[in-house]
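In what follows, a structure is listed as structure tokens, so that the remarks can point back to it.
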Amino acid sequence: MWVIIRLLIGIVILVIAEYYFIRRLNVATKYFFPKFYEGKYRFVRKIFLVWINLYPLVLLFIFIYFGITGSYLTAPESTLADYILIYPFWIAFILMIQCFLFFIPIDLIKLITLLFVKNGKEKLIRIHSSLVFIIVGFFILYIPIRVIYDYNIVDVREINYEMDVLPQSLENFKIAFISDIQADHYTDKARLEKFVNTVNSLHPDLVLIAGDLITTGPDYIKISGQEVGKIKSKYGVFSCVGDHDNWAYRNDYAKSLAEVEASLYANNVQLVDNGLRKINVGDAEVEIAFITNTYVETISPKTLDSLSSNSFGDLKIFLAHQPRPHLIEVAQKNNFDLYLAGHTHGGQITFVFPLIQLTPTMFETKYTKGDFWFGDMLLVVTRGLGMSLAPIRYNSTPEVTLITLHRK
-17 MWVIIRLLIG
-7 IVILVIAEYY
3 FIRRLNVATK
13 YFFPKFYEGK
23 YRFVRKIFLV
33 WINLYPLVLL
43 FIFIYFGITG
53 SYLTAPESTL
63 ADYILIYPFW
73 IAFILMIQCF
83 LFFIPIDLIK
93 LITLLFVKNG
103 KEKLIRIHSS
113 LVFIIVGFFI
123 LYIPIRVIYD
133 YNIVDVREIN
143 YEMDVLPQSL
153 ENFKIAFISD
163 IQADHYTDKA
173 RLEKFVNTVN
183 SLHPDLVLIA
193 GDLITTGPDY
203 IKISGQEVGK
213 IKSKYGVFSC
223 VGDHDNWAYR
233 NDYAKSLAEV
243 EASLYANNVQ
253 LVDNGLRKIN
263 VGDAEVEIAF
273 ITNTYVETIS
283 PKTLDSLSSN
293 SFGDLKIFLA
303 HQPRPHLIEV
313 AQKNNFDLYL
323 AGHTHGGQIT
333 FVFPLIQLTP
343 TMFETKYTKG
353 DFWFGDMLLV
363 VTRGLGMSLA
373 PIRYNSTPEV
383 TLITLHRK
């Protein structure tokens, strides 16, 4: 049901954005290029609208087919389809929303100015039309460049975490924290290898993963396990359960999770489903509570209390896929030092706008990316690597988060 609601919301937003974008472009084109506007412009506009709406029509057909037959239909993985239909749609969709955000304030300024300036209407229309072309022209260039950049680059974000009491054996202890690897048609072997090489270049003592090893379908379970298994860490590689780890098979969550777990285990990576792990580092203990709280399974209060209240150690880590307020409250109450989460993809599509971070993710959580303090506990939300829903990132560069421990 939630997927259908999101699809309907997306269609409404698309229709509004298209209408507003085309209206503004019509006015600017008519003012500066009247002959083109009266001639070929309408034909070009029709081609553009048909082209970018083909992919949402395909998605709509898939959902209608599923609703009628109950059989899940997926589009074939095709590079040709990616470059002809899917990428053009998403780039055009982002372009229209991005321009929409800037068109609104300049329209308001124009409207207010017209109330006070009676004789400068022609000049105002010229300025307004110029701004429309400047905004559209800038984002036509910026959006594809940024999408390509965010696909190919992996950032390393370093955090120096200081503790009042820290055993000597944990001084300079390095934890590489990653999430949302999401192996699929778009995050293929080459992209996974680059990400894993970045992790290994940091020479971490411990590697923790906040789930989502695949996106959907069983085809990439094996390769995900193999590539993650190449991560080198003195004290091991561990993961909690993510949302997508349940979605390899339609409505068979247990089978999906079992196969993901088996693939990781075969490559010396532990997937811990609601459990505690204690790691001895010299004379110190690092204890990690692995919390399973996903769209598929919400952790029960009893299990959450058992895992969090029975956790002890010189360093206490609370690892969950999602940065949920009630989980944050429990982790802080039980004196955890670190709460590590992913899930958000750093606001996978984040629109450019002054002073405000605008992303659809903000409607789910305000903890989109970065570091958040709750008393002495630090919540770290990493941006991850992969994508979901949209096969692109925009203003959300993938990252590996490196946490280094120090005594204050």
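For the sequence shown, the tail end lands on 390 under our numbering, and the numbers increase by one without skipping.
Using N, Cα and C, we set each Cβ at its ideal position, and we do this for glycine too.
Host beta strand (DSSP E) of residue i (start-end)
{"i": "Trp229", "result": "Unbroken run through Trp229: none, as it is neither H nor E."}
{"i": "Leu396", "result": "The structure shown does not extend to residue 396, since the chain spans only -17 to 390, so no value can be given for it."}
{"i": "Tyr321", "result": "Leu320 to Ala323"}
{"i": "Lys348", "result": "Here Lys348 belongs to no beta strand (DSSP E), and DSSP marks it neither H nor E."}
{"i": "Gln391", "result": "The question about residue 391 has no answer here: the residues shown for the chain are numbered -17 through 390."}
{"i": "Phe220", "result": "Val219 to Ser221"}
{"i": "Ile191", "result": "Leu188 to Ile191"}
Per-residue DSSP class, three states only, for residue i
{"i": "Ile141", "result": "strand"}
{"i": "Gln314", "result": "helix"}
{"i": "Ser183", "result": "helix"}
{"i": "Asn8", "result": "helix"}
{"i": "Glu279", "result": "coil"}
{"i": "Arg365", "result": "coil"}
{"i": "Phe159", "result": "strand"}
{"i": "Ala372", "result": "coil"}
{"i": "Val263", "result": "strand"}
{"i": "Glu59", "result": "coil"}
{"i": "Ala271", "result": "strand"}
{"i": "Ser290", "result": "helix"}
{"i": "Arg27", "result": "helix"}
{"i": "His388", "result": "strand"}
{"i": "Asp353", "result": "strand"}
{"i": "Ile213", "result": "coil"}
{"i": "Gly257", "result": "strand"}
{"i": "Phe43", "result": "helix"}
{"i": "Val334", "result": "coil"}
{"i": "Val(-3)", "result": "helix"}
{"i": "Leu174", "result": "helix"}
{"i": "Leu340", "result": "strand"}
{"i": "Thr383", "result": "strand"}
{"i": "Leu195", "result": "coil"}
{"i": "Leu36", "result": "helix"}
{"i": "Leu148", "result": "coil"}
Start and end residues, alpha helix (DSSP H) containing residue i
{"i": "Gln80", "result": "Tyr69 to Phe98"}
{"i": "Glu243", "result": "Tyr235 to Ala248"}
{"i": "Val154", "result": "The displayed chain sequence assigns Asn, not Val, to residue 154. Neither: Asn154 is in no alpha helix (DSSP H) and is coded neither H nor E."}
{"i": "Val210", "result": "Ile203 to Val210"}
{"i": "Ser111", "result": "Lys103 to Asn134"}
{"i": "Phe18", "result": "Pro16 to Glu20"}
Proximity below 8 Å, CB of residue i to CB of residue j
{"i": "Asp187", "j": "Tyr168", "result": "no"}
{"i": "Pro70", "j": "Ile34", "result": "yes"}
{"i": "Thr197", "j": "Ser370", "result": "yes"}
{"i": "Leu148", "j": "Arg306", "result": "no"}
{"i": "Asp227", "j": "Leu195", "result": "yes"}
{"i": "Ser161", "j": "Val189", "result": "no"}
{"i": "Thr350", "j": "Thr326", "result": "yes"}
{"i": "Val219", "j": "Thr276", "result": "no"}
{"i": "Ile76", "j": "Ile125", "result": "yes"}
{"i": "Gly328", "j": "His303", "result": "no"}
{"i": "Ile191", "j": "Asp353", "result": "no"}
{"i": "Leu322", "j": "Phe159", "result": "yes"}
{"i": "Met145", "j": "Leu387", "result": "yes"}
{"i": "Ile385", "j": "Ile157", "result": "yes"}
{"i": "Ala244", "j": "Ile205", "result": "no"}
{"i": "Pro372", "j": "Gln330", "result": "Checking the displayed sequence, the identity of residue 372 turns out to be Ala instead of Pro. Contact: yes."}
Whole-number beta carbon distance between residue j and residue i, since they are thought to touch under 8 Å
{"i": "Ile213", "j": "Val242", "result": "With 8 Å as the limit, Ile213 and Val242 do not qualify as a contact, their Cβ atoms being about 16 Å apart."}
{"i": "Ser293", "j": "Leu320", "result": "Incorrect: roughly 12 Å between the Cβ atoms, too far for contact."}
{"i": "Leu239", "j": "Ser221", "result": "The pair is not a contact, with the Cβ atoms about 12 Å apart (cut-off 8 Å)."}
{"i": "Val251", "j": "Asp296", "result": "Their Cβ separation, rounded to whole angstroms, is 24 Å, which puts Val251 and Asp296 out of contact at 8 Å."}
{"i": "Asn249", "j": "Val210", "result": "7 Å"}
Cβ contact check for the stretch 328 to 344 and the stretch 75 to 90: 3 or more pairs under 8 Å = Contact holds: three or more Cβ-Cβ distances are below 8 Å.
request  = Could you tell me whether the stretch 351 to 361 touches the stretch 301 to 317, where touching means 3 or more Cβ pairs closer than 8 Å?
outcome  = Contact between the stretch 351 to 361 and the stretch 301 to 317 is established, with three or more Cβ pairs separated by less than 8 Å.
ask   = If you pair each beta-carbon of the stretch -4 to 14 with each one of the stretch 94 to 112, do three or more pairs fall below 8 Å?
value = Three or more beta-carbon pairs separated by less than 8 Å link the stretch -4 to 14 to the stretch 94 to 112, which places the two stretches in contact.
key: Inter-stretch contact at 8 Å, needing at least 3 Cβ pairs: the stretch 263 to 279 / the stretch 149 to 161   = At 8 Å Cβ cutoff, the stretches touch.
query = Would you call the stretch 16 to 27 and the stretch 88 to 107 in contact, with 3 or more CB pairs under 8 Å?
reply = Remark: fewer than three beta-carbon pairs, one from each stretch, lie closer than 8 Å, so the stretch 16 to 27 and the stretch 88 to 107 are not flagged as touching.
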